[in-house]
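*Asks:*
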Amino acid sequence: MVTKNSLVLLSSHTITSGEETVTLTGMSSTYNVHLFTYRNLKPTLDNQSLLMQFTVGGVTDTTANYTGHMIKISDSSDANSPIFTNQTYAKLHDNTSNAANEASNGNVWIYSAADSAEHTTASVDVTYITSSSGLANSVGHFRHEQNEAHDGVTIDLGGVNDITSGEFRLYGLVK
Amino acid sequence: MSIGQLELVKSVSDTSVTSIDVTDAFTASYNLYHIIVQGHITTTNSLIDLRFLDSSNTAITSGYRYGHRLLELTTNTEPQSTSDTTIQKIIVVNNGDTFAARFFVYNPFSNSDYTHIALHTQAFSSANITNMRGGGVLTTTAQVKGFTIYDATFSNIDIDVYGIKD
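Chains P and E, in that order, are what the protein sequence lines are. Using the numbering used here, you'd call the opening residue of the first sequence number 1 and step up by one each time. Using the numbering used here, you'd call the opening residue of the second sequence number 176 and step up by one each time.
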């Protein structure tokens, strides 16, 4: 039975002009599961990769402990399956378009974030338009392989490339 | 302060049909929707398709791109298209049996953004288990108010549409 407020907004941010990163916090032991969503994310420069990290005490966790497996499923070619281990970030997808009407949209379910005795894990679903105006979906999972609590997420397009636009939301799923 | 909500905005059910329209499901109140579809089919090897409905609740018949990956016991296939009249094979049901699916739909009511859909589907049959992930996009910025699911004989189908409020 789903009730009102079963998904509680913890933090949000909307970008309408260039910002380098987005950090949303508010994850806590009040919730076992958190949901991060974004829509209409667009880079300033074409063909950029979307990166995600967790935060500890509101500070981006850049330790080399992100390990995962994503599958890129496109509308015109066979899927590839990049695997990353012990990286300083999780790459959600590559090749983001900055053309008009073309953007990236996605959701990430986050598990065990507030449990300091467990790894924080995530399940990813992204649908986006590539720099060649094709459709691609990026699905998979990753985790941060260190037993520690995380209280938020950071989104980055890498380097000094700005995010031109996007709406970002972090929710908690009521127990 | 609780300002975010998962809200049930539309429920549709039917029996013994070959298509089902979910009209006026998308409004200006939400930019993101979570949709649950469950049912049972009586036709074999069904490839269930989806079209969005325009502001008059009429099916939009062009401008779709999609790419899915089927995760089956024996094979992995990848339905895909760069130009289609529908988003094909949102659910693949082998030999007729139960299925379940959940979708995220982004930006449907916007007049300035493409409408995207991300898919998770699962079907069961006596011969196989088929999971699929992927998604599609309607490459026009026209307003979308609903969707239709079709191309199979559904002995029953239940659809719940939830809006995720900002």
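Using N, Cα and C, we set each Cβ at its ideal position, and we do this for glycine too. Values in this document were obtained by computation on a predicted structure and should not be read as measured data.
Three-state secondary structure (DSSP) at residue 157 (chain P)?
*Replies:* As a working mapping, residue 157 (chain P) is identified with position 157 in the first sequence. In the structure shown, residue 157 (chain P) sits in coil (DSSP, three-state: anything other than H, G, I, E or B).
*Asks:* Would residue 230 (chain E) and residue 266 (chain E) be called neighbours here (beta carbons separated by less than 9 Å)?
*Replies:* Translated into positions along the second sequence, residue 230 (chain E) becomes position 55. Translated into positions along the second sequence, residue 266 (chain E) becomes position 91. In this structure, residue 266 (chain E) does not lie closer than 9 Å to residue 230 (chain E) by Cβ.
*Asks:* Between P:66, P:45, P:114 and P:7, which has its C-alpha nearest residue 150 (chain P)'s C-alpha?
*Replies:* One-based indexing of the first sequence puts residue 150 (chain P) at position 150. Checked all of P:66, P:45, P:114 and P:7; the closest Cα to residue 150 (chain P) is P:114.
*Asks:* Is it right to say residue 182 (chain E) is buried, meaning 16 or more other beta carbons lie within 10 angstroms of its own, or is it exposed?
*Replies:* Counted from its first residue, the second sequence places residue 182 (chain E) at position 7. Label assigned to residue 182 (chain E): buried.
*Asks:* Per DSSP, what kind of secondary structure is residue 178 (chain E) in: helix, strand or coil?
*Replies:* To locate residue 178 (chain E), count along the second sequence from 1; it is residue 3. With a pLDDT of only 46 at residue 178 (chain E), under 50, the local geometry of the prediction cannot be trusted, and the value read off the model is given with reservation. Of the three classes helix, strand and coil, the one that applies to residue 178 (chain E) here is coil, per DSSP.
*Asks:* Does the Cβ-Cβ distance between residue 128 (chain P) and residue 103 (chain P) come in under 9 Å?
*Replies:* Looking up residue 128 (chain P) in the first sequence gives position 128. Looking up residue 103 (chain P) in the first sequence gives position 103. Result yes, Cβ atoms of residue 128 (chain P) and residue 103 (chain P) sit closer than 9 Å.
*Asks:* For residue 193 (chain E), which residues from the same chain have a beta carbon less than 8 Å from its beta carbon, with the 5 sequence-adjacent residues on both sides left out?
*Replies:* Locating residue 193 (chain E) in the second sequence gives position 18, counting from the first residue. For residue 193 (chain E), where only same-chain residues beyond five positions count, the Cβ hits under 8 Å are 325, 326, 327, 328 and 329.
*Asks:* For residue 283 (chain E), I'd like the list of residues in its chain whose CB is within less than 6 Å of its CB, leaving aside the five on either flank, ordered along the chain.
*Replies:* As a first step, residue 283 (chain E) is located in the second sequence; it is residue number 108 there, counting from the start. 201, 290 and 319, listed in sequence order.
*Asks:* Return the first residue and the last residue of the beta strand (DSSP E) that residue 247 (chain E) is part of.
*Replies:* As a working mapping, residue 247 (chain E) is identified with position 72 in the second sequence. Here the beta strand (DSSP E) through residue 247 (chain E) covers 239 to 247.
*Asks:* Kindly indicate the opening and closing residues of the beta strand (DSSP E) around residue 209 (chain E).
*Replies:* In the second sequence, residue 209 (chain E) corresponds to position 34, counting from 1. Start and end: 207 to 216.
*Asks:* According to DSSP, is residue 64 (chain P) helix, strand or coil?
*Replies:* For this step, residue 64 (chain P) is matched to residue 64 along the first sequence. In the structure shown, residue 64 (chain P) sits in coil (DSSP, three-state: anything other than H, G, I, E or B).
*Asks:* Among the residues of its own chain, which have a CB less than 8 Å from the CB of residue 177 (chain E), if the five just before and after it don't count?
*Replies:* Taking the first residue of the second sequence as position 1, residue 177 (chain E) is located at position 2. Confidence in residue 177 (chain E) is poor, its pLDDT being 40 and thus under 50, which makes the residue's placement too unreliable to answer from.
*Asks:* Please check if any C-beta of chain P sits within less than 9 Å of the C-beta of residue 279 (chain E).
*Replies:* Residue 279 (chain E) sits at position 104 when you count from the first residue of the second sequence. It does: the Cβ of residue 279 (chain E) has a partner Cβ on chain P nearer than 9 Å.
*Asks:* At a cut-off of 8 Å, is residue 98 (chain P) close to the ligand FMN when judged by its beta-carbon and the heavy atoms of the ligand?
*Replies:* Looking at this structure, you won't find the ligand FMN or any other ligand, since it has none at all.
*Asks:* Cutting at 7 Å between CB atoms, please list the residues of its own chain near residue 293 (chain E), excluding the five before and the five after it.
*Replies:* The sequence position of residue 293 (chain E) within the second sequence is 118, counting from 1. The answer, listed in chain order, is 278, 279 and 310.
*Asks:* At 8 Å on the CB atoms, spell out the chain E contacts of residue 134 (chain P), in chain order.
*Replies:* Within the first sequence, the letter at position 134 stands for residue 134 (chain P). In chain order: 240 and 257.
*Asks:* Can residue 169 (chain P) and residue 36 (chain P) be called in contact, C-beta distance under 9 Å?
*Replies:* Position 169 of the first sequence, counted from the first residue, corresponds to residue 169 (chain P). Position 36 of the first sequence, counted from the first residue, corresponds to residue 36 (chain P). Yes. Within cutoff.
*Asks:* Note down, in chain order, each residue of its chain lying with its Cβ closer than 6 Å to the Cβ of residue 105 (chain P), except the 5 sequence neighbours on either side.
*Replies:* In the first sequence, residue 105 (chain P) corresponds to position 105, counting from 1. Correct list, in chain order: 39 and 127.
*Asks:* Quick one: Cα of residue 10 (chain P) to Cα of residue 245 (chain E), how far?
*Replies:* Translated into positions along the first sequence, residue 10 (chain P) becomes position 10. Translated into positions along the second sequence, residue 245 (chain E) becomes position 70. When rounded, the distance between both Cα atoms is 34 Å.
*Asks:* I want to verify the contact list: residues of chain E whose CB lies under 8 Å from the CB of residue 103 (chain P), in sequence order.
*Replies:* Reading the first sequence from its first residue, position 103 is the one you call residue 103 (chain P). Going along chain E in sequence order, the residues near residue 103 (chain P) (Cβ under 8 Å) are 288 and 289.
*Asks:* Mind listing the chain E neighbours of residue 24 (chain P)? Cutoff is C-beta to C-beta under 7 Å, in chain order.
*Replies:* On the first sequence, residue 24 (chain P) is found 24 positions in, with the first residue counted as 1. What residue 24 (chain P) touches in chain E: nothing, since even the nearest Cβ is about 12 Å away.
*Asks:* Contact check, residue 264 (chain E) vs residue 224 (chain E) under 8 Å by CB: the rounded distance?
*Replies:* Here residue 264 (chain E) refers to the residue found at position 89 when the second sequence is read from its first residue. Here residue 224 (chain E) refers to the residue found at position 49 when the second sequence is read from its first residue. About 7 Å separates the two Cβ atoms, so the contact holds.
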